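One structure is given below, encoded as structure tokens.
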Amino acid sequence: MGLILGVILGATVVYAISRHQFAVPTTSTERISTAYSGLTVGRLLEMSLDDLADVDIAEMNLLCAKGLPGSENLDIQKSLKVLDYWTNRVDLETKRNRHRFKEHPEEYEKSEIYYEMGMIVTVLEQDLGVQYNPALTDSENLPDSAFLTDTSNVFVSGLLSEKRVGTCASMPVLYVAIGRRLGYPVSLVNAHDHLFVRWQRPGENVYRNLEATSQGIVFKTDEEYKAWRKIPEQEIKSGVSLHSLTPGETLAIFMETRAGALRFHKRLPEAVIAYAQAAKLWPENRIPKTYLADTIVELAPWEFAPVRQQNGPLSGKEMIDQENRRLLREQHPEINWGIVEQKNHTAPKKP
1247 MGLILGVILG ATVVYAISRH QFAVPTTSTE RISTAYSGLT VGRLLEMSLD
1297 DLADVDIAEM NLLCAKGLPG SENLDIQKSL KVLDYWTNRV DLETKRNRHR
1347 FKEHPEEYEK SEIYYEMGMI VTVLEQDLGV QYNPALTDSE NLPDSAFLTD
1397 TSNVFVSGLL SEKRVGTCAS MPVLYVAIGR RLGYPVSLVN AHDHLFVRWQ
1447 RPGENVYRNL EATSQGIVFK TDEEYKAWRK IPEQEIKSGV SLHSLTPGET
1497 LAIFMETRAG ALRFHKRLPE AVIAYAQAAK LWPENRIPKT YLADTIVELA
1547 PWEFAPVRQQ NGPLSGKEMI DQENRRLLRE QHPEINWGIV EQKNHTAPKK
1597 P
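Quick note: the sequence shown uses this note's numbering, first residue 1247, plus one each step.
Right, here's the structure in full:
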């Protein structure tokens, strides 16, 4: 397992996280283009943060869905064309109805943000039939299988398909993708295993939070999210929750979602790789580290049985095992080794 783990985790890419902001297009219907041909998940992970900031968030999300159960027939270029068409539709309706905002601004809280984000909500829901998957509305009481049997539930591929349904993992991504095509300063925000949309101009402290999974136009404050999602104070202080995600953190979220799908479908070596990549992209976030440790133990639990404790000297094999584990800890701090230790006493024998 030491060799296997070394090979698997050695495939990940390490680079620093900084507060880069995503680029926005210069014209209302211009798709954010990477200008890279043959873009893959592997290529995304090799990019600098500056280059990653130029990648269309929808394309990034769709690439992370590639090859997963439920995405076998995913055509990324076709999905992006649908997204461009929807953006043009939103742009048209926003311009056509702007006189309503000018004539009765009080109906829109006298806010351009309310009007413009509200038009995205209205067109997507009323004109295009986009909605939260009605089979998954009781999300707090549903098992993972309800979401991950068909992984298009948690990626924008489900929204851009004929089903036009999604969840909190995908609907905010769709809103941000359209908003950026229209030149809006929007980003994803994490709220303790939940995503929402934030409108915030660079350098300004004023912002609005749009809840993308609600029916109709719903804005929430940070305090409301903190109470609703029961967000630990440490998550907020560390920047894991309630701040606009950087390009690297956004990719980390998508990779964590991919890893969860792979793990559910018992593709454990691939899940280990994806969790490790998410952990390296966003080292402040403990969640992928915890899931990574769980998956490693699930992949080969017998390898993590505790070294025999005795008064006498260890055998040669036990000494080698102990040293290998020490090296793994040093080389892979992205793993939550505490989780591994907690599971040691229940680890089964190697078959």
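Here a beta-carbon is modelled for each residue, glycine too, at the ideal position from N, C-alpha and C. Just so it is clear, the structure is predicted and the values come from calculations on it, not from any experiment.
Exercise for review: From the DSSP output, in three-state form, read off S1357 for me.
Suggested key: coil
Practice item. Can you tell me which of I1542, K1327, A1539 puts its alpha carbon nearest to the alpha carbon of R1427? Key: K1327
Check your understanding: From V1369 to S1294, what does the alpha carbon distance come to, in whole angstroms?
Key -> 35 Å
Point to revise | Check whether V1432 and V1422 have beta carbons under 8 Å apart | key: yes
Review point. What's the call for T1273, buried or exposed, on a 16-neighbour Cβ count within 10 Å?
Key: With a pLDDT of only 44 at T1273, under 50, the local geometry of the prediction cannot be trusted, and no value is derived from it.
Point to revise | Span separating the alpha-carbon of D1318 from that of V1287 | key: The residue asked about is misnamed: residue 1318 is Glu in this sequence, not Asp. Going from the Cα of E1318 to the Cα of V1287 covers about 16 Å.
Review point. Is the Cβ-Cβ distance between T1397 and P1315 less than 8 Å?
Key: yes
Review point. Under the DSSP definition of a beta bridge, which residues are partnered with G1412?
Key: Y1378
Exercise for review: Please determine if the segment 1489 to 1496 and the segment 1369 to 1385 are in contact, where contact requires at least 3 C-beta pairs separated by less than 8 Å.
Suggested key: no
Check your understanding: Are there three or more Cβ pairs, one per stretch, closer than 8 Å when the segment 1512 to 1529 is compared with the segment 1446 to 1459?
Key -> no
Practice item. Pick helix, strand or coil for W1445, following the three-state DSSP scheme. Key: strand
Practice item. Within 10 angstroms of the Cβ of E1305, are there 16 or more other Cβ atoms? Answer buried if so, exposed if not. Key: buried
Check your understanding: Hey, Y1471 and I1477 are a contact pair by Cβ (cut 8 Å); roughly how many whole angstroms apart?
Key -> 7 Å
Practice item. Return yes when the Cβ of S1403 is within less than 8 Å of the Cβ of L1320, no when it is not. Key: yes
**Study point:** Candidates A1437, I1424, E1355, A1505, of which the one nearest L1488 by Cα
**Key:** A1437
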